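S.K.: Numbering (my numbering), first residue to last: 45 to 143.
#1: If you check the beta carbons only, do residue 85 and residue 133 fall under 8 Å apart?
#2: Express the C-alpha separation of residue 73 and residue 117 in angstroms, rounding to a whole number.
#3: Would you kindly check if the distance between the Cβ of residue 56 and the Cβ of residue 138 is under 8 Å?
#4: State the DSSP-derived secondary structure class of residue 131, mapped to helix, strand or coil.
#5: Determine the burial state of residue 45: buried for a count of at least 16 other Cβ atoms within 10 Å of its Cβ, exposed for fewer.
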């Protein structure tokens, strides 16, 4: 089991206020798969990869509006830190804790 495997509660510091969600991820070699849930929508993690403690993946949210989000996160024990680039909103800070 990888240090990232499992469910995480995440917060994205968006321009309209903190956005809460979760990710549920599994590592298979250097690949990362799973789902992301926010605002009543669950989508698949795409292009996921894990290199050491660095996780990178893309999600395509459908609500409240269609938006591609590219995540770049660092795993440190039971915490995640990093950022996402989200459409026209640009780069936003992401924090998370193991759920």
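Each residue gets a CB set at the ideal place from its N, CA and C atoms; glycine is no exception. Please read these numbers as outputs of a predicted model, since none were measured by experiment.
M.R.: With the structure as the only source:
#1: No. Outside cutoff.
#2: Going by C-alpha positions, residue 117 is about 17 Å away from residue 73.
#3: Yes, the pair counts as a contact, with Cβ atoms nearer than the cut-off.
#4: Residue state, collapsed to three classes: helix.
#5: With a pLDDT of 44 at residue 45, under the threshold of 50, the modelled position of that residue is not reliable, and the figure given next carries that caveat. Under this definition residue 45 is an exposed residue.
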